[in-house]
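Notes follow the structure.
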Amino acid sequence: MPEETTPRRRRAPAMSPEDRREAIVQATVPLLFTHGATVTTSQIAQAAGIAEGTVFRAFKDKQELIRTCVQAILAADAELELIDEARAASTLAARLSWAISAVSGYLDRMWALAGVLRESGFDPREKHGEHGEHHGPQAEMQRLSERVASLFGPEDHLRVDPSLAARLLLGLVFTNRMQGRGFGDATADVDRLVEVFLHGALRGDQ
123 MPEETTPRRR RAPAMSPEDR REAIVQATVP LLFTHGATVT TSQIAQAAGI AEGTVFRAFK
183 DKQELIRTCV QAILAADAEL ELIDEARAAS TLAARLSWAI SAVSGYLDRM WALAGVLRES
243 GFDPREKHGE HGEHHGPQAE MQRLSERVAS LFGPEDHLRV DPSLAARLLL GLVFTNRMQG
303 RGFGDATADV DRLVEVFLHG ALRGDQ
């Protein structure tokens, strides 16, 4: 009678260095919002399901990993895609409401990250300088502004250039979100913000 053999388990293919770095970043990002720069490589390894030494084979040190995570968090690619999806809306007001929701989400994420990093004593500009970041907040806000500007068309009969209209709208969004961070009254809802932007603060009978 032939001897039974147990089939060997195939080892999963090894990750490329780039995929390994990306997986570690994805595991670390949620930890940053909880622990800031005090997150340990042990916590990171556990979250990523890897040995702690693997972290240091993928990144020179924890500081490099954190800076890479900060750049990933500050990148506005997801919000830019949401704004592109707003083109499907049938009215300008609906398109702008869609865009405001996307930009508001980006601002909330950026401020949350800045707060937790500041509390844990980490400055992402310390090594490379503020202008050396690939995805700094200023550059990403400029990308968002340009994408919002693209939502305006000739049929909207703007009184100003679309780029200026987008900057003015984002200025309203910025100050409105600041209100929700303990600087006074509650924030205005998105539809009200769009109404004021498009039609002004005065009633029509004035």
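Residue numbering for the sequence shown follows my numbering, starting at 123 and increasing by one per position.
Backbone N, C-alpha and C fix where the C-beta goes; we use that ideal spot for every residue, glycine too.
Check                                                                                                                         : Outcome
Helix, strand or coil at S223 [DSSP, three-state]                                                                             : helix
Cα-Cα separation between S242 and S267, rounded to whole angstroms                                                            : 31 angstroms
First through last residue of the alpha helix (DSSP H) which encompasses H182                                                 : The amino acid occupying residue 182 in the given sequence is Lys; His does not appear at that position. First-last for K182: undefined, no H or E at that position.
Endpoints, alpha helix (DSSP H) assigned at H157                                                                              : P139 to H157
Straight-line gap, F305 to D283 (C-alpha atoms, nearest Å)                                                                    : Unreliable placement is indicated for F305, whose pLDDT of 46 sits below 50; no coordinate value is reported for it.
Beta carbon of M232 nearer than 8 angstroms to that of P259                                                                   : yes
Delimiting residues of the alpha helix (DSSP H) encompassing P276                                                             : Element bounds for P276: n/a, residue is neither H nor E.
V316 versus F178 - alpha carbon distance                                                                                      : 48 angstroms
D199 - containing alpha helix (DSSP H), residue span                                                                          : D199 to E207
Residue nearest to L202 in terms of C-alpha spacing, selected from L290, M263, A216 and T297                                  : M263
Cβ-Cβ distance between A173 and R143 below 8 angstroms                                                                        : no
Residues of its chain near L294, where Cβ-Cβ distance is below 7 angstroms and the 5 sequence neighbours each way are ignored : L315 and F319
I166 - DSSP class collapsed to helix/strand/coil                                                                              : helix
Check whether F155 and A216 have beta carbons under 8 angstroms apart                                                         : no
Cα-Cα separation, T163 to V151                                                                                                : 13 angstroms
D230 in three-state terms, based on DSSP                                                                                      : helix
Assigned exposure category for F296 - 16 Cβ within 10 Å defines buried                                                        : exposed
Beta-carbon proximity list for T213, same chain, < 7 angstroms, skipping 5 on both sides                                      : none
Close beta carbons around I222, own chain, < 8 angstroms, minus the five adjacent residues each side                          : L291, V295, V312, L315 and V316
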